[in-house]
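K.L.:
The structure's right below; bear with me while I get my questions together.
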Amino acid sequence: MDRLINNIGVIGAGIMGIGIVQIAIQSNRQVYLYDAQQDAAKKAYDKLNTTLSRLVEKNKISQTDLEQSLANLHIVENIQELHICDLVIEAIIEKLDIKQSLMKQLEAIVRPECILASNTSSLSITEIAAQCQQPDRVVGYHFFNPVPLMKVVEVIQGLHTNTKIIDQLSELARKMGHRPVRTKDTPGFIINHAGRAYGTEALKILSENVASVTEIDLILKKSLGFKMGPFELLDLTGLDVSHPVMLSIYNQYYQEPRYRPNVLTQQMLIGKKLGRKTGEGFYKYIDQAKQEIAIIPKYSAHRHDLKTVWLSTEFDDDHKKLSTYLTQKGIQINLNAQPNNEDLILIANYGDDATHSAQRLGVNPEQVVCIDMLGNFEQCRTLMPSLLTQPKMIEAALDLFNQPNSETIVIEESLGFVSQRVLAMVVNLACDMAQQKIAIVEDINAAVKLGLGYPFGPIEWGDVIGKEKILKVLERISSISHDPRYRPSPWLQRRCKLNLSLNYQR
Ligand SMILES: NC(=O)c1ccc[n+]([C@@H]2O[C@H](COP(=O)([O-])OP(=O)(O)OC[C@H]3O[C@@H](n4cnc5c(N)ncnc54)[C@H](O)[C@@H]3O)[C@@H](O)[C@H]2O)c1
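Heads up: the sequence shown at position 334 corresponds to 734 in the numbering used here, and the numbers run straight through without jumps.
This is the structure in structure tokens:
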């Protein structure tokens, strides 16, 4: 065992402190737990005893493991007793001045080589260290709740933090069964930063009346494989937590449009529609159970006398998939340069809406239905008519694409469909993080998978889907909307031009 980090002090016996203590004592470190509130540390001991006993009951650990782990835990009444520690991790209240004075106080107690770590989720490590005599030993060690299950920890290098300390804490994390990800001291670090795109873009889509809350959640889960829809997630976290985080990161980056929050959540916050905790957010909750909001379809499926489809695709794989599908359905594809007046004009477009697609191709918008081919076509198909599309064309398209046990959703016009917009923003934001070297690509991917539960790391996801598709979505939305929020990251542009993987870095 590395002698340097054997005695670990933990300050704050709340949710996070207890979690950190658990993984540390289970990896056989000696842990000294202190809390300013009387009895809080003792209560934490009892809670850990209960948690570990449950693990024994489930045969996850042995009784000997439990006894050994608890023997590693020392409840400390006086903060001075932390003088023997090699590392002290604070998990106290999220207030800058209180954390700053705690760090200053600790410097007078511990040895000069003791590492001082903060579990802050939103404050700057450089600022927490600002009043210290040795800011080079102050570091961020950001765990996630619940600590024993969320197997990732951000190791945050403040402006002055010694790189050796980053190595040491990364090594310790691995020994405690966690994946360390190294990051610069920037707003939101990796995970809270990379996670900004999902909620803010979904809110923007909702505020543009493109689709309902249920439809957006459904599309993103079925088509892209997110475990929770953005509105389910916002309701779970609570807008009292997530709205201030959105606002804070936006302002810390000097109103960078990529992080722009939405008036919708500001209003809901004022109106106390916070989510699960108040019984209503985007959804209603009865006894914590989400009440589904049914989708009211505006159109029903009807074959009419549709015989031929004029197909326009931008990528070969989409063409192959759609033409095979249509042929299997007994539909003839009109291969002429121009569609006939009776054709359904089916466009697999990226980044524009039905109106702009029709204009780009010089076809009649009354016959146009666009289809999103970015995500999982088998699970979910999103259709987008123009404002002028004849209802019979929409009904015929629905008839073509309705499938049992999967979703076909008709949305209003939107520059880029729901999945295209959200995924392009997720990938683009992560590419920009890589460009800024907030972390290496491998760590950005790992952090997001482990911390946010996305099916892929955000940068590798771009390769899986096709980086050219992501770039096309962003370029088109940017050029039509003129909103700098969608400008493609130079990281993404270069790798597309040179045909390199988005993961490529040097
Ligand atoms: N809760 C989360 O999901 C989460 C996730 C990641 C990081 N964090 C961060 O971890 C830290 C702790 O969060 P938490 O949710 O465990 O809080 P908590 O309220 O559950 O626990 C905080 C504990 O710290 C004690 N405390 C407060 N001020 C103290 C002081 N000056 N000295 C000693 N003890 C003090 C309190 O008595 C309390 O027991 C915060 O910085 C928070 O931002 C929280």
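Think of the CB as a built atom: it goes at the ideal place given N, C-alpha and C, for glycine as much as any other residue.
State the CB to CB distance for the pair Asn828 and Pro888, rounded to an integer number of angstroms; the pair is presumed to be in contact (CB under 8 Å).
P.N.:
Your numbering for residue 828 matches position 428 in the sequence shown. Your numbering for residue 888 matches position 488 in the sequence shown. Indeed, because the Cβ distance is near 6 Å, the residues count as touching under 8 Å.
K.L.:
Could you tell me the boundaries of the beta strand (DSSP E) in which Pro580 lies?
P.N.:
As a first step, residue 580 must be located in the sequence shown, where it is residue number 180. First-last of the beta strand (DSSP E) with Pro580: Arg579 to Lys584.
K.L.:
So Glu920 packs on Lys499, CB below 8 Å; how close in whole Å?
P.N.:
Lying before the first or after the last residue shown, residue 920 is absent from the chain, which here runs from 401 to 906.
K.L.:
Closer than 7 Å to a non-hydrogen atom of ligand 1 - does that hold for the CB of Gly417?
P.N.:
As a position in the sequence shown, residue 417 is number 17, starting the count at 1. Yes; taking the cut-off as 7 Å, the Cβ of Gly417 has a heavy atom of ligand 1 nearer than that.
K.L.:
Confirm, please, whether the CB-CB distance from Leu603 to Asn662 is below 8 Å.
P.N.:
As a first step, residue 662 is located in the sequence shown; it is residue number 262 there, counting from the start. As a first step, residue 603 is located in the sequence shown; it is residue number 203 there, counting from the start. With contacts defined by Cβ atoms closer than 8 Å, Asn662 and Leu603 form a contacting pair.
K.L.:
Let me confirm a value: Gly558 is counted as buried when at least 16 other C-beta atoms fall within 10 Å, else exposed. Which label applies?
P.N.:
Looking up residue 558 in the sequence shown gives position 158. Burial call: buried.
K.L.:
Just the C-alpha distance for Val581 and Ile809, rounded to the nearest angstrom, thanks.
P.N.:
As a first step, residue 581 is located in the sequence shown; it is residue number 181 there, counting from the start. As a first step, residue 809 is located in the sequence shown; it is residue number 409 there, counting from the start. If I take the Cα positions, the gap works out to 38 Å.
K.L.:
Smallest Cα separation from Thr450: which of Leu433, Ile418 and Ser427?
P.N.:
For this step, residue 450 is matched to residue 50 along the sequence shown. Comparing Cα-Cα distances from Thr450 to each of Leu433, Ile418 and Ser427, the minimum goes to Ile418.
K.L.:
Measuring alpha carbon to alpha carbon, tell me which of Phe543, Ala689, Glu875 and Leu815 ends up nearest His756.
P.N.:
As a working note, residue 756 is residue 356 in the sequence shown. Comparing Cα-Cα distances from His756 to each of Phe543, Ala689, Glu875 and Leu815, the minimum goes to Leu815.
K.L.:
Can you list, in chain order, the residues of its chain with a C-beta nearer than 6 Å to that of Lys673? Leave out the 5 residues immediately preceding and following it.
P.N.:
The residue you call residue 673 lines up with position 273 of the sequence shown. Glu680 and Gly681.
K.L.:
Using alpha carbons as the reference points, say which of Ile461, Val476 and Lys443 lies closest to Val410.
P.N.:
Translated into the one-based positions of the sequence shown, residue 410 becomes position 10. Among Ile461, Val476 and Lys443, the Cα nearest to that of Val410 is on Val476.
K.L.:
Beta-carbon of Ile493 versus every beta-carbon of chain C: anything under 8 Å?
P.N.:
This model lacks chain C altogether; it includes just one protein chain.
K.L.:
Put Cys896 into one of helix, strand or coil per three-state DSSP.
P.N.:
The sequence position of residue 896 within the sequence shown is 496, counting from 1. Note: Cys896 maps to helix in three-state DSSP.
K.L.:
Does the distance between the C-beta of Leu647 and the nearest non-hydrogen atom of ligand 1 fall short of 7 Å?
P.N.:
By one-based count along the sequence shown, residue 647 stands at place 247. No; taking the cut-off as 7 Å, the Cβ of Leu647 has no heavy atom of ligand 1 nearer than that.
K.L.:
Does the Cβ-Cβ distance between Cys770 and Ala754 come in under 8 Å?
P.N.:
Counted from its first residue, the sequence shown places residue 770 at position 370. Counted from its first residue, the sequence shown places residue 754 at position 354. Result yes, Cβ atoms of Cys770 and Ala754 sit closer than 8 Å.
K.L.:
Name the residue from Lys447, Tyr659, Asn562 and Lys721 whose alpha carbon lies nearest to the alpha carbon of Ala830.
P.N.:
Counting from 1 along the sequence shown, the entry for residue 830 is found at position 430. Ala830 has its Cα closest to that of Tyr659, out of Lys447, Tyr659, Asn562 and Lys721.
K.L.:
Do Phe589 and ligand 1 come close, with the Cβ less than 7 Å from some heavy atom?
P.N.:
The residue given as residue 589 occupies position 189 in the sequence shown. No; taking the cut-off as 7 Å, the Cβ of Phe589 has no heavy atom of ligand 1 nearer than that.
K.L.:
Between the Cα of Val709 and the Cα atoms of His702, Asp718, Leu482 and Leu800, which residue gives the shortest distance?
P.N.:
Reading the sequence shown from its first residue, position 309 is the one you call residue 709. Of the candidates His702, Asp718, Leu482 and Leu800, Leu800 places its Cα closest to the Cα of Val709.
K.L.:
Going along the chain, which residues of its own chain have a beta-carbon closer than 8 Å to the beta-carbon of Asn406, five neighbours each way excluded?
P.N.:
On the sequence shown, residue 406 is found 6 positions in, with the first residue counted as 1. Hits under 8 Å: Arg429, Gln430 and Asp486.
K.L.:
Quick one: what's Leu487 bridged to in DSSP?
P.N.:
Taking the first residue of the sequence shown as 1, we reach residue 487 at position 87. Leu487 is bridged to Ile408 and Ile515.
K.L.:
Using DSSP's beta-bridge definition, name the partner residues of Cys532.
P.N.:
Here residue 532 corresponds to residue number 132 of the sequence shown, with the count starting at 1. DSSP output for Cys532 lists no bridge partner at all.
K.L.:
Please report how far the alpha carbon of Ile880 lies from the alpha carbon of Asp752, in whole angstroms.
P.N.:
In the sequence shown, the residue the question calls residue 880 occupies position 480. In the sequence shown, the residue the question calls residue 752 occupies position 352. If I take the Cα positions, the gap works out to 8 Å.
K.L.:
Taking Ser712 as part of the beta strand (DSSP E), name the residues at either end of that continuous run.
P.N.:
Here residue 712 refers to the residue found at position 312 of the sequence shown. Taken as a continuous stretch (DSSP letters only), the beta strand (DSSP E) holding Ser712 covers Thr708 to Thr713.
K.L.:
Hey, would you say the C-beta of Gln437 is under 7 Å away from at least one heavy atom of ligand 1?
P.N.:
Position 37 of the sequence shown, counted from the start, is the residue given in the question as residue 437. Yes, Cβ of Gln437 sits closer than 7 Å to a heavy atom of ligand 1.
K.L.:
Check this for me: beta carbons of Leu744 and Ala796, under 8 Å apart or not?
P.N.:
Against the sequence shown, residue 744 aligns to sequence position 344. Against the sequence shown, residue 796 aligns to sequence position 396. Going by C-beta atoms, Leu744 is nearer than 8 Å to Ala796.
K.L.:
Tell me whether Met401 sits in a helix, a strand or coil according to DSSP, three-state version.
P.N.:
On the sequence shown, residue 401 is found 1 positions in, with the first residue counted as 1. Because Met401 sits at a pLDDT of 39, beneath the cut-off of 50, its placement in the model cannot be relied upon, and the point is left open.
K.L.:
Can you confirm whether the segment 858-874 touches the segment 819-828 when touching is taken to mean that 3 or more C-beta pairs between the two stretches lie within less than 8 Å?
P.N.:
Counting Cβ pairs under 8 Å, three or more are found: they touch.
K.L.:
Pick from Leu455, Leu787 and Ala597: whose alpha carbon is nearest that of Ile811?
P.N.:
As a working note, residue 811 is residue 411 in the sequence shown. Among Leu455, Leu787 and Ala597, the Cα nearest to that of Ile811 is on Leu787.
K.L.:
Is His376 near ligand 1 - that is, is its Cβ less than 7 Å away from at least one heavy atom of it?
P.N.:
Nothing about residue 376 can be read from this structure; the chain reaches only from 401 to 906.
K.L.:
Given a cut-off of 8 Å, decide if His704 and Lys584 are closer than it, judged by their beta-carbon atoms.
P.N.:
Reading the sequence shown from its first residue, position 184 is the one you call residue 584. Reading the sequence shown from its first residue, position 304 is the one you call residue 704. No, the pair does not count as a contact, with Cβ atoms beyond the cut-off.
K.L.:
Compare the beta carbon distance of Ile515 and Val539 with 8 Å and say whether it is the shorter of the two.
P.N.:
As a working note, residue 515 is residue 115 in the sequence shown. As a working note, residue 539 is residue 139 in the sequence shown. A contact, by the Cβ cut-off of 8 Å.
K.L.:
So, at 6 Å on beta carbons, what are the nonlocal neighbours of Ile877 in its own chain, with the 5 sequence-adjacent residues on each side left out?
P.N.:
By one-based count along the sequence shown, residue 877 stands at place 477. Gly751, Leu815, Gly816 and Tyr886.
K.L.:
So is the beta-carbon of His542 under 7 Å away from any non-hydrogen atom of ligand 1?
P.N.:
Taking the sequence shown and counting its residues from 1, one reaches residue 542 at position 142. At least one heavy atom of ligand 1 is nearer than 7 Å to the Cβ of His542, so yes.
K.L.:
Of the residues His593, Ile461, Ile492 and Gly851, which one's Cα is nearest the Cα of Ile415?
P.N.:
Against the sequence shown, residue 415 aligns to sequence position 15. Here the closest residue by C-alpha is Ile492.
K.L.:
Is Ile605 near Val763, with beta carbons less than 8 Å apart?
P.N.:
Along the sequence shown, one-based indexing puts residue 605 at 205. Along the sequence shown, one-based indexing puts residue 763 at 363. Their beta carbons are not under 8 Å apart, which means Ile605 does not touch Val763 by this criterion.
K.L.:
Whole-angstrom Cβ separation of His578 and Val552, contact assumed at under 8 Å?
P.N.:
The count along the sequence shown starts at 1 and reaches residue 578 at position 178. The count along the sequence shown starts at 1 and reaches residue 552 at position 152. Rounded, the Cβ-Cβ distance is 6 Å, consistent with contact.
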